[in-house]
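Visitor: Note that the protein sequences, when read in sequence, are chains A and B.
Mapping to UniProt numbering: the first sequence position 95 is 95, numbers consecutive.
Mapping to UniProt numbering: the second sequence position 72 is 72, numbers consecutive.
By construction, the Cβ of each residue, glycine as well, lies at the ideal position given by its N, Cα and C atoms.
This structure is a prediction, so every number in the text was calculated from the model and none was measured.
Protein chains: 2
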Amino acid sequence: MPDTLQRGLAVQMVETLRERLLSGQIASGTRINEVELARELNISRGPLREAIRQLVSEGLLVHRPNKGAVVFEAEPDEVEALFELRSALETAAARLAAVRRDRKDITALRRACERSRKLLAAGRQFVHHTDLDFHRALLDAARSPRITEQVWRVHQQIIVVRSRQDVPGSHTDASLADHEELAEAIAEGQADRAAELMEGHLDRVRLQMIASMKGSGASRD
Amino acid sequence: MPDTLQRGLAVQMVETLRERLLSGQIASGTRINEVELARELNISRGPLREAIRQLVSEGLLVHRPNKGAVVFEAEPDEVEALFELRSALETAAARLAAVRRDRKDITALRRACERSRKLLAAGRQFVHHTDLDFHRALLDAARSPRITEQVWRVHQQIIVVRSRQDVPGSHTDASLADHEELAEAIAEGQADRAAELMEGHLDRVRLQMIASMKGSGASRD
DNA sequence: GCGACTTCAACTGTTAACAGTTATCACTTT
DNA sequence: AAAGTGATAACTGTTAACAGTTGAAGTCGC
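#1: How about residue 82/B: is its C-beta nearer than 8 angstroms to some C-beta of chain A?
#2: For residue 86/A, collect the residues of the same chain with a Cβ closer than 8 angstroms to its Cβ; drop the 5 residues on either side in sequence, then sort them by chain order.
#3: Could you give the residue range of the alpha helix (DSSP H) that holds residue 31/A?
#4: Work out the CA separation of residue 37/A and residue 128/B for me, nearest whole Å.
#5: Helix, strand or coil for residue 234/B per DSSP?
#6: Quick one: which chain B residues come within Cβ less than 7 angstroms of residue 145/A?
#7: Tell me the rounded alpha-carbon separation between residue 104/A and residue 90/A.
#8: With a Cβ-Cβ cutoff of 8 angstroms, do residue 79/A and residue 213/A count as a contact?
#9: List, in chain order, every chain A residue whose beta-carbon is nearer than 8 angstroms to that of residue 58/B.
#10: Return no unless some Cβ of chain A is closer than 8 angstroms to the Cβ of residue 177/B.
#11: Would you say residue 252/A and residue 177/A are within 8 angstroms of each other, going by their C-beta atoms?
#12: Using a Cβ-Cβ cutoff of 8 angstroms, what residues of the segment 84 to 98 of chain A are near chain B? List them in chain order.
#13: Looking at C-alpha atoms only, which residue of 30/B, 188/B, 67/B, 9/B is the closest neighbour of residue 50/B?
#14: Is residue 23/B closer than 8 angstroms to residue 71/B when the C-beta atoms are compared?
#15: For residue 180/A, return the contacting residues in chain B, with the cut-off set at a CB-CB distance below 9 angstroms.
#16: Return helix, strand or coil for residue 85/B, following the three-state DSSP convention.
#17: Checking contacts by CB at 8 angstroms: is residue 76/A closer than that to chain B?
#18: If residue 137/A and residue 112/A are in contact, beta carbons under 8 angstroms, what's the gap, nearest whole angstrom?
#19: Could you work out which residue in 189/A, 142/A, 43/A, 196/A is closest to residue 96/A when comparing CA atoms only?
#20: For chain A, find out if any of its Cβ atoms is closer than 8 angstroms to the Cβ of residue 220/B; answer yes or no.
#21: Does any CB atom of chain A fall closer than 8 angstroms to the CB of residue 200/B?
#22: When DSSP builds the beta bridges, which residues end up paired with residue 63/A?
#23: Among the residues of its own chain, which have a CB less than 7 angstroms from the CB of residue 13/A, if the five just before and after it don't count?
#24: Which whole-angstrom value describes the C-beta separation of residue 82/A and residue 146/B, a residue pair presumed to lie in contact below a C-beta threshold of 8 angstroms?
#25: Over what stretch of residues does the alpha helix (DSSP H) that includes residue 191/B continue unbroken?
#26: Going by other Cβ atoms of all chains shown within 10 Å of its Cβ, with 16 needed for buried, is residue 69/B buried or exposed?
#27: Can you tell me whether DSSP reads residue 58/B as helix, strand or coil?
#28: With a threshold of 8 angstroms between beta-carbons, can residue 156/B be considered close to chain A, or not?
#29: Within 10 angstroms of the Cβ of residue 131/B, are there 16 or more other Cβ atoms? Answer buried if so, exposed if not.
#30: Quick check on the DSSP output: the alpha helix (DSSP H) that includes residue 159/A runs from which residue to which?
#31: What's the gap between the Cα of residue 123/A and the Cα of residue 114/A?
#32: CB-CB under 6 angstroms to residue 63/A, same chain, minus the five flanking residues each way: which ones, in chain order?
#33: Report yes or no: is there a C-beta of chain A within less than 8 angstroms of the C-beta of residue 68/B?
#34: Classify residue 1/B as helix, strand or coil using the three-state DSSP reduction.
#35: Would residue 206/A be called buried (16 or more neighbouring beta carbons within 10 Å of its own) or exposed?
#36: Which residues, taken in chain order from the segment 15 to 30 of chain A, show a beta carbon closer than 9 angstroms to some beta carbon of chain B?
Here it is in structure tokens:
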């Protein structure tokens, strides 16, 4: 590799690893081998270790002393705690979005719903992707960068845990209905209602994920 | 020095630096010199860099490319955004505390209030410390480790920013009244009211901090 | 005298070699 | 044969040396 752009190797590695973790290319629970990974990425262990430490404090990896890093792994109880945090953040975001009530943001919100509906009508299962799009649009509408940042972190953790058991897109139609109701409440500036809807929505998603975890093999090998 | 316990130098450095940052020993806005700091701490730059990177992703430091790390610094707008996040998290925590309603936690909450009141009656200005104690007790009562973790991060950032201008303990009596009302609402299980009280409390604290920032020299040197 | 260009120094970014620790595997002993 | 103990190997934790870049200071030219 020409390595022409060596501007911030560690930063690049954070992004590379993040992609691999989110895509499930490195599954939840696997141990990270520093020298092997460093060789594969054509870099030395220094920047890699820095990248790993950042991902650790982002919650995608956990650090076991003298054992290196393993990909974040969560039992149902952990997932409940995670969703408590997510709910706290996203209900607040829904409130803020309803209060701000910016026209452009609201049309973006509705657009996300329409895209989901089209894919769903076409029988596609990619709704998991568009689900993220909707929540992203809602965070944009909330216009609170700090909250957005934290929500994104939680989403990442959930994605990593979810990547183990492959829930294709089972919660699609129910979620879509939730989304559309939410978009309407926000469009009409009903902050409390938006928060309630968001809480209910996340409760449903949570329950489904827990059930899915207990259904498939959530135990270790 | 022999440093007999070399178990996790980078981890130790994270704690050491965190202390220095929170105590204001390293003021907001100052640049970190890696080699100088490494020499002072009797370690090499490797672990120090890792510690720095972790503190960066915790928000206590910010990373300027090819310029190293500088201690987190916030203008009033940034502080507003920070308090939006804090409010989202702590109102949720107040709700959870009121729902859980554990007796031991509630007595701990009241104890924190009493300690504040005693110090205030004695004319002491250490209430800033006991303020943190109260919020910590409330988070314990919420029993949501993830939320607690995130709130603590935001608190840290606020402390660092606050360390620049020295607000000794001006918002003491008003805050104490807020705390006592909050404790009562939680004790009676009034979740919505607790959330409202927390929101109002944080609004007041926010406004006071913003005013204090604009009052003293918030500009750079 | 003022401005632009060049050179140098300091600091970050990166790499490779070194030390310590833990886990595994084989060997011995009961 | 099973269990315990010791040695070896692999991997993390740490250190010191190297390269590249940026910023500043000093000098030369206009």
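Guide: So, to answer that:
#1: Using a CB distance cut-off of 8 angstroms, residue 82/B counts as an interface residue toward chain A.
#2: The beta carbon of residue 86/A lies closer than 8 angstroms to those of 151, 154, 155, 158, 202 in the same chain, with the five residues before and after it left out.
#3: Per DSSP, residue 31/A belongs to no alpha helix (DSSP H) and is neither H nor E.
#4: Each residue's Cα considered, the two are about 47 angstroms apart.
#5: No answer is possible for residue 234/B: the residues shown for chain B start at 1 and end at 221.
#6: Chain B residues near residue 145/A: 81.
#7: Their backbone Cα atoms lie some 20 angstroms apart in a straight line.
#8: Yes; because the gap between Cβ atoms is below 8 angstroms, this pair is in contact.
#9: Ordered by position in chain A, the residues that pass the 8 angstroms Cβ test against residue 58/B are 57.
#10: Cβ-Cβ to chain A under 8 angstroms: no for residue 177/B.
#11: No statement about residue 252/A is possible, as the shown extent of chain A runs from 1 to 221 and does not include it.
#12: Cβ contacts with chain B: 84, 85, 87, 88, 89, 91, 92, 93, 96.
#13: Comparing Cα-Cα distances from residue 50/B to each of 30/B, 188/B, 67/B, 9/B, the minimum goes to 9/B.
#14: With contacts defined by Cβ atoms closer than 8 angstroms, residue 71/B and residue 23/B do not form a contacting pair.
#15: Residues of chain B passing the Cβ test: none, with the nearest at roughly 24 angstroms.
#16: Three-state result, residue 85/B: helix.
#17: No Cβ of chain B is located within less than 8 angstroms of the beta carbon of residue 76/A.
#18: Right, their Cβ atoms sit about 5 angstroms apart.
#19: Nearest of 189/A, 142/A, 43/A, 196/A to residue 96/A, Cα basis: 142/A.
#20: Its pLDDT being 40, under 50, residue 220/B is placed unreliably by the model, and nothing is read from it.
#21: No, no contact with chain A.
#22: Beta-bridge annotation (DSSP): residue 63/A is paired with 69/A.
#23: Result list for residue 13/A: 41, 43, 47, 48, 51, in chain order.
#24: Rounded, the Cβ-Cβ distance is 6 angstroms, consistent with contact.
#25: Element bounds for residue 191/B: 191 to 215.
#26: Under this definition residue 69/B is a buried residue.
#27: DSSP places residue 58/B in helix when its eight states are reduced to three.
#28: Among the CB atoms of chain A, none fall inside 8 angstroms of the CB of residue 156/B.
#29: Its Cβ being crowded by 16 or more others within 10 Å, residue 131/B is buried.
#30: For residue 159/A, the enclosing alpha helix (DSSP H) stretches over residues 145 to 164.
#31: Answer to the nearest angstrom: the Cα atoms are 14 angstroms apart.
#32: Within the same chain, residue 63/A has close Cβ partners 56, 69.
#33: With respect to chain A, the C-beta atom of residue 68/B has no partner C-beta closer than 8 angstroms.
#34: Below a pLDDT of 50, predicted positions are generally treated as unreliable, and residue 1/B, at 36, falls in that range; the measurement from the model is reported next regardless. In the displayed model, residue 1/B falls within coil according to three-state DSSP, outside both helix and strand.
#35: Around the beta carbon of residue 206/A, 16 or more other beta carbons lie within 10 angstroms, which makes this residue buried.
#36: For the segment 15 to 30 of chain A, there are no residues whose beta carbon sits under 9 angstroms from a beta carbon of chain B.
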